[in-house]
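Residue numbers (the working numbering): -2 to 430.
Quick reminder that beta carbons are idealized off the backbone N, C-alpha and C, glycines included.
Predicted model, so just to flag it, every value in this text is computed and none were measured.
Have a look at the structure below, then the notes.
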């Protein structure tokens, strides 16, 4: 529901107990609906917070948070409060005055829903405070947080409701065209994502401030940021909203060069910690734009063994300004991927990775570590040698198996940490110092 806000269900409730805002007895009750329990506990924590004096440390910190994040928080809190009041219906289905942000209607809502709005702001304050503590804890241990910034946002979101002029919508707030990608490796009918497209000319006239604000929030959350579907900054696949698939779309140019230039100007020049997801149908124009701004791209080793010797994913063709993966969240696990190959292709993979005699996934893991790419990333499923049952996501599907895999400490076998450290050391990938 927001490109900025954190999900309050991720809030650590014990943190509220430690500050005296939530009664620890809340954990003694029998829980049948976890979502309802957590939301109720957050409401109780807010009541406890409100009982503090206005001049306590956290009350002052809360006011500062609301002030510093007003550029997104005010619209989000009002949107979330109204959405709840309208039975969690999308904003396009609200009464017209609220849907179209009539000033009188919004002022009335701010007065009537003031308590709910402040509670939503409080939840965001707690979320970001906890995230900041987590990030500091990670930083002290040499751990970086690598986040993802999807290029598109949901049609039913605070940003689309609050900034309709920045999106290609009709008078009722519905998208005229929607986002996706044409038929490719993953899907014969393409992927119809359904997100509204941006009104790029309007955004450019506004100095891309909407995007600059979005990146500002992400930089507060992450040490590295992957721009998902980076190629959409150069040209995007536009699908008429009435089309059931992505087949009947077209490529439309986007002002990506100007947007990235605005990023670098707003945040102090070169060195932004960005990574481009440059997978799929990538043109010379996309790569030229990425290279102009010095943004690392992605290399997927599971894609390396189709085509000829010029396949950019082949280890011999890797470049330093890249991030190499055995596979991503959209790929099968390496064990399952390799098992699905034809015998001839398996032989080609084994011949290419001849330096490692161990069974999969270790030859592909070793190849990632040996790559000239600046950063190597291995999915946990590959380190654990898991099969198809641990696949994270199958793109373009609504399978109930998607996003269900969970890591458990019991899955670790003894010696895995030493094995990873030895492999990382062999290829000079251990932290310095």
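So, at 8 Å on beta carbons, what are the nonlocal neighbours of residue i in its own chain, with the 5 sequence-adjacent residues on each side left out?
i, result
"residue 330", "324, 358, 376, 378, 379, 383, 384, 385, 387, 388"
State the start and end residues of the unbroken alpha helix (DSSP H) segment that holds residue i.
i, result
"residue 379", "377 to 380"
"residue 253", "253 to 263"
"residue 10", "10 to 15"
"residue 350", "Taken as a continuous stretch (DSSP letters only), residue 350 belongs to no alpha helix (DSSP H), as it is neither H nor E."
"residue 362", "359 to 367"
"residue 158", "155 to 159"
"residue 104", "100 to 109"
"residue 74", "67 to 82"
"residue 278", "Where residue 278 is concerned, there is no enclosing alpha helix (DSSP H), given that its DSSP letter is neither H nor E."
Can you list, in chain order, the residues of its chain whose CB lies under 7 Å from that of residue i, leaving out five sequence neighbours each side?
i, result
"residue 249", "232, 233, 235"
"residue 390", "326, 327, 399, 400"
"residue 480", "Look at the range of the chain in this structure, -2 to 430, and you will see that residue 480 is not part of it."
Looking only at its own chain, which residues have a Cβ that is under 6 Å from the Cβ of residue i, when we skip the five neighbours before and after it?
i, result
"residue 74", "114, 117, 118"
"residue 281", "none"
"residue 322", "297, 374"
"residue 56", "49"
Tell me the DSSP secondary structure of residue i in three-state form.
i, result
"residue 232", "strand"
"residue 190", "strand"
"residue 219", "coil"
"residue 2", "coil"
"residue 173", "coil"
"residue 272", "strand"
"residue 166", "strand"
"residue 21", "helix"
"residue 283", "helix"
"residue 293", "coil"
"residue 501", "What the structure shows of the chain is the stretch from -2 to 430, and residue 501 is not part of that stretch, so it cannot be assessed."
"residue 200", "helix"
"residue 144", "strand"
"residue 244", "coil"
"residue 178", "strand"
"residue 237", "strand"
"residue 55", "helix"
Would you mind reading off the limits of the beta strand (DSSP E) that contains residue i?
i, result
"residue 32", "Careful: residue 32 lies outside any beta strand (DSSP E), inside the alpha helix (DSSP H) at 31 to 47."
"residue 322", "319 to 322"
"residue 247", "247 to 250"
"residue 373", "372 to 374"
Return the CA-CA distance between residue i and residue j, expressed in angstroms with no decimal places.
i, j, result
"residue 327", "residue 374", "14 Å"
"residue 422", "residue 296", "21 Å"
"residue 224", "residue 274", "6 Å"
"residue 87", "residue 339", "47 Å"
"residue 306", "residue 350", "14 Å"
"residue 366", "residue 78", "48 Å"
"residue 415", "residue 426", "14 Å"
"residue 63", "residue 372", "36 Å"
"residue 429", "residue 201", "42 Å"
Count the other C-beta atoms from every protein chain shown that fall within 10 angstroms of the C-beta of residue i, then say buried if there are 16 or more, exposed otherwise.
i, result
"residue 65", "exposed"
"residue 334", "buried"
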